[in-house]
Each structure stands twice: as C-alpha cells, then as structure tokens.
C-alpha cells in the first residue's frame, strides 16, 4: 500500500507543523515519504488514477478523478493500481481552518464523519475547476500577503462546499463481519495515539467510552465486539498499551514521573503510580531506578 497524498521531506513537515496547513502537488514520479504526523491533520486530496482506498470499514475503488476527505481520527490507506497518478493535496489542522470561528467540529461534517462518504467522483470539467483552486493555494502559501491564511481558509471552504454539492461515490464494499470491523478500527485508533512525543499533546482517548464516542457506536456494542473478537475486554487493551508506553517513557526519556503521568492522561501522579503498580507489581520510580 502507498499513499499518493503523503508529504515529501522533513522541511515540509516542519513547515506544516509551524503553519498548520500545507498544499502541494502529487506526481507519480515524485518520491513519497510517509513521515508527517497524519493523526494531526485533515486532508483534502484531488487524485486522478486507479486506486483502492480503504477508509474505516469500507473499500472504495476509483478510476478517474476523485476528491477525497481524510479525517485524522479515522484510519485510511491507499492501494495504487494504475502505474501513474497525479493531483493535489491539502493538509490542515482543525484550528487552522476554524480560526476564531466556533462552528461545529469538522468531525461532525458529513464529509469527515466515520459514517459519511469521503470520496466524490469528478467530471473532467469539475476536476479542472478543483485543480485551479489548489493551484491558487499553492501560489498563495508562498506569498507575504498579510491575510494569506484567511484567503487559504476560504479556498479550503470552497473545496468543502463544492464537495457538498456533489453526490458521493457509492462504489464501495463493507467488511462482512461488523464486530471485526469495529475491533480493527478500535485497535488502530488506540495504536495511532502513540508514541507520546510531548506533554503538550497528552493522551486523548483513555476509556472505552472515549473510543465509542469517536467511532460513533454505543460503548456496550464496542465492548461486546472487542470481547467477541479478541477474547479480552476493551479496558484490558487500553491499559496494556498505556503501560507499554509508560515503560518506554521511563526507559528512554528524562521526563519526570509527573510529566509521564500527565502525558498518559492521568490527572494526578498518584493515580498513575497506583495504576502502574497494580498492572506491573512495581512502582514507576522503582522501574526507572532498575533501568539506570
């Protein structure tokens, strides 16, 4: 699998994190490097080529020009079928797009919801029109215009509104086993939160209810599915992954235990200490001493 919307280069990533957005052209002959932090950014991608796009529990076959909307909270990946492809991609944070606007979350948009349809087939005329929007953004992002961000926000919103006027593509298939689908999404969302790279970005999904809310399912349904497919409770998977990350942070960073606790979503260090000792039989401080 590969991702034609992936972003090339370390400079690209530094620029993206600094500004909260980036627009770039996709070419099949260009090098593709998967090293931007996809969980931070929404994506709108114009792609022409033959692909199979896996999004949540569905797989979409595309042949021609499509507009794709990627939500960082929903797993997706691409299989490139055709030898050549081209297009454009735009990555942005929710904070960048909303600015000072207090409108509803992007996750509530029909374009980005887990139960929505994120792929729109384009006619050649519509594809050309969409491409001009990307071209304008590419030019604008390198200018010194003082209201550049506002202008780019307007272009992104224009892409969104153009998609809302289209009928979504329905050329997709669902996984047969609903429980396996839910569990695969849960496990990928769980893993996607790690590693914890900064205490400024602490763990967000910490409970079965948190995951159920993100996946738009009832928590009882999630718990039943996880137990049915894996034989273990949802909470066991979450706790095991948090402990694994805690050990890694204790071994490989100089963070204080208080910082580690906060980064892993614990409001108080004593809660983390008790949790860690219950799960491992030893205190986090003792484990760090053993490593040293």
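Residue numbers (the numbering used here): -3 to 288. The C-beta atom is built at its ideal place from N, Cα and C for all residues, glycine as well.
Problem - Cβ neighbour criterion (16 or more within 10 Å) applied to residue 274 - result: exposed
Exercise for the section: Please determine, among 114, 269 and 232, the residue with the shortest C-alpha to C-alpha distance to residue 162. Expected result: 114
Practice task
Say whether the segment 204 to 212 touches the segment 224 to 240, bearing in mind that this needs 3 or more beta-carbon pairs closer than 8 Å, one atom from each stretch.
Solution key: yes
Practice task
Could you say if the segment 14 to 23 and the segment 74 to 94 meet the contact criterion of at least three C-beta pairs nearer than 8 Å?
Solution key: yes
Exercise for the section: Could you tell me whether the segment 36 to 44 touches the segment 63 to 83, using the rule of 3 or more Cβ pairs below 8 Å? Expected result: yes
Practice task
Using only alpha-carbon positions, find the residue among 187, 159 and 94 that is nearest to residue 202.
Solution key: 187
Problem - Cα-Cα separation, residue 243 to residue 257 - result: 11 Å
Exercise for the section: Per DSSP, which residues does residue 92 bridge with? Please list them. Expected result: DSSP output for residue 92 lists no bridge partner at all.
Exercise for the section: Figure out for me which residue from 146, 148, 249 and 154 has the closest Cα to the Cα of residue 194. Expected result: 249
Handout entry: Every unbroken beta strand (DSSP E) within the segment 132 to 187, with a cutoff of 3 residues, ordered by chain
Key = 168 to 170
Practice task
Report the residue from 141, 107, 226 and 131 whose alpha carbon sits nearest the alpha carbon of residue 151.
Solution key: 131
Exercise for the section: Using 8 Å as the cut-off, classify the Cβ of residue 176 as near or not near the heavy atoms of the ligand MG, replying yes or no. Expected result: Ligands displayed in this structure: none; no statement on the ligand MG is therefore possible.
Practice task
Report the residue from 121, 91 and 217 whose alpha carbon sits nearest the alpha carbon of residue 62.
Solution key: 121
Handout entry: Counted within 10 angstroms of its Cβ, other Cβ atoms place residue 278 as buried (16 or more) or exposed
Key = exposed
Practice task
Could you work out which residue in 198, 282, 271 and 70 is closest to residue 247 when comparing CA atoms only?
Solution key: 282
Problem - residue 191 to residue 261 span [Cα, whole Å] - result: 13 Å
Exercise for the section: With a 10 Å radius around its C-beta and 16 neighbouring C-beta atoms as the bar for buried, classify residue 221 as buried or exposed. Expected result: buried
Exercise for the section: Would you identify the three-state DSSP class for residue 220, choosing helix, strand or coil? Expected result: helix
Practice task
With a 10 Å radius around its C-beta and 16 neighbouring C-beta atoms as the bar for buried, classify residue 160 as buried or exposed.
Solution key: exposed
Exercise for the section: Leaving out five residues on either side along the sequence, give the residues of the same chain with a beta carbon under 8 Å from the beta carbon of residue 134. Expected result: 19, 20, 21 and 84
Handout entry: CA nearest to the CA of residue 215, picked from 146, 175 and 268
Key = 175
Handout entry: residue 119, DSSP secondary structure in three states
Key = coil
Exercise for the section: Assign residue 137 to buried or exposed, taking buried as 16 or more other Cβ atoms, counted over all protein chains shown, within 10 Å of its Cβ. Expected result: buried
Exercise for the section: Find out if the Cβ-Cβ distance for the pair residue 66, residue 118 is shorter than 9 Å. Expected result: no
Handout entry: CB of residue 129 within 9 Å of CB of residue 158, strictly
Key = yes
Practice task
To the nearest angstrom, report how far apart residue 223 and residue 181 are at their CA atoms.
Solution key: 14 Å
Exercise for the section: Label residue -2 either buried or exposed according to how many other C-beta atoms from any shown protein chain fall within 10 Å of its C-beta, with 16 as the threshold for buried. Expected result: Note that residue -2 has pLDDT 47, beneath the 50 cutoff, so the model's placement of it is unreliable and no number is given.
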